[in-house]
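Enquirer:
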Amino acid sequence: MDDDLVCKFVVKDGENFGESIDIHGDNIIVKVGSEFLAVSIKKIEKVESDKIYISDFDMKEAENLGKKWIDEKSKPVSFEELKIFGFEERKESGAEAEVEDKSK
Numbered sequence: 489m490d491d492d493l494v495c496k497f498v499v500k501d502g503e504n505f506g507e508s509i510d511i512h513g514d515n516i517i518v519k520v521g522s523e524f525l526a527v528s529i530k531k532i533e534k535v536e537s538d539k540i541y542i543s544d545f546d547m548k549e550a551e552n553l554g555k556k557w558i559d560e561k562s563k564p565v566s567f568e569e570l571k572i573f574g575f576e577e578r579k580e581s582g583a584e585a586e587v588e589d590k591s592k
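Start counting the sequence shown at 489; every next residue gets the next number (my numbering).
1) How would you write the range of the beta strand (DSSP E) that Gly521 sits in, first residue to last?
2) Where are the alpha helix (DSSP H) runs, 4 residues long or more, that stay fully inside the segment 528-585, in chain order?
3) By a C-beta neighbour count over all protein chains shown, 10 Å radius and 16 as the cutoff for buried, is Lys563 buried or exposed?
4) Pop quiz: Lys500 and Ile542 are said to be a contact at Cβ under 8 Å. What is the actual Cβ separation, rounded to whole angstroms?
5) Suppose contacts are defined by Cβ-Cβ distances below 8 Å. Is Ile517 in contact with Gly574 by that definition?
6) Quick check: the Cα distance between Ile558 and Asp492, rounded to an integer number of angstroms?
7) Identify, in the order they occur along the chain, each residue of the same chain with its Cβ nearer than 6 Å to the Cβ of Lys605, setting aside the five sequence neighbours on each side.
8) Whose C-alpha, out of Leu570, Gly502, Glu569, Ile509, is nearest the C-alpha of Glu523?
9) Measure the Cβ-Cβ separation of Asp514 and Ser528 and say whether it is below 8 Å.
10) Applying the 10 Å Cβ sphere with the 16-neighbour rule, what's the burial state of Gly506?
11) Is it buried or exposed for Glu584, if we count other Cβ within 10 angstroms and need 16 for buried?
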């Protein structure tokens with residue numbers, strides 16, 4: 489169901505409020521202008537093909553949780569973490585590329 493909540497318009501009080509961009513724990517992350525709010529999925533009243541309808545929520549809490557989401561998603565990734573997921577720095581040499589190990 490989580491994927492069904494991403495990339496939809498979010499409607500509050502009968503008006504377009506923002507866009508859902510992620511699921512974080514028990515919250516949907518809603519982009520409203522340049523802000524990101526984390527709204528509890530318990531506040532979802534109805535889901536349609538392109539819209540999510542939400543009820544009133546604690547704006548301050550949503551703003552604070554949205555800031556935490558930004559901080560978490562903005563953490564730098566180390567070279568070691570990239571290697572775990574198969575991303576390695578490559579050094580081009582002619583037609584072939586060889587992996588360069590920078591840890592030496």
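Even for Gly, the Cβ is constructed at its ideal location relative to N, Cα and C.
Expert: According to the data block:
1) Run containing Gly521: none; DSSP gives neither H nor E here.
2) Complete alpha helix (DSSP H) runs here, min 4: 547-561, 567-572.
3) It counts as exposed.
4) Yes, they are in contact, since the Cβ atoms of Lys500 and Ile542 sit about 5 Å apart, within 8 Å.
5) Their beta carbons are not under 8 Å apart, which means Ile517 does not touch Gly574 by this criterion.
6) Straight through space, the alpha carbons of Asp492 and Ile558 are spaced by roughly 22 Å.
7) Here the chain comprises residues numbered 489 to 592, so residue 605 is not present and cannot be evaluated.
8) Restricting attention to Leu570, Gly502, Glu569, Ile509, the CA atom closest to the CA of Glu523 is found in Ile509.
9) Cβ atoms of Asp514 and Ser528: closer than 8 Å.
10) By the Cβ-count criterion, Gly506 is buried, with 16 or more other Cβ atoms from all chains shown falling within 10 Å of its own Cβ.
11) With a pLDDT of only 49 at Glu584, under the threshold of 50, the placement of this residue in the model should not be trusted, and no figure is reported.
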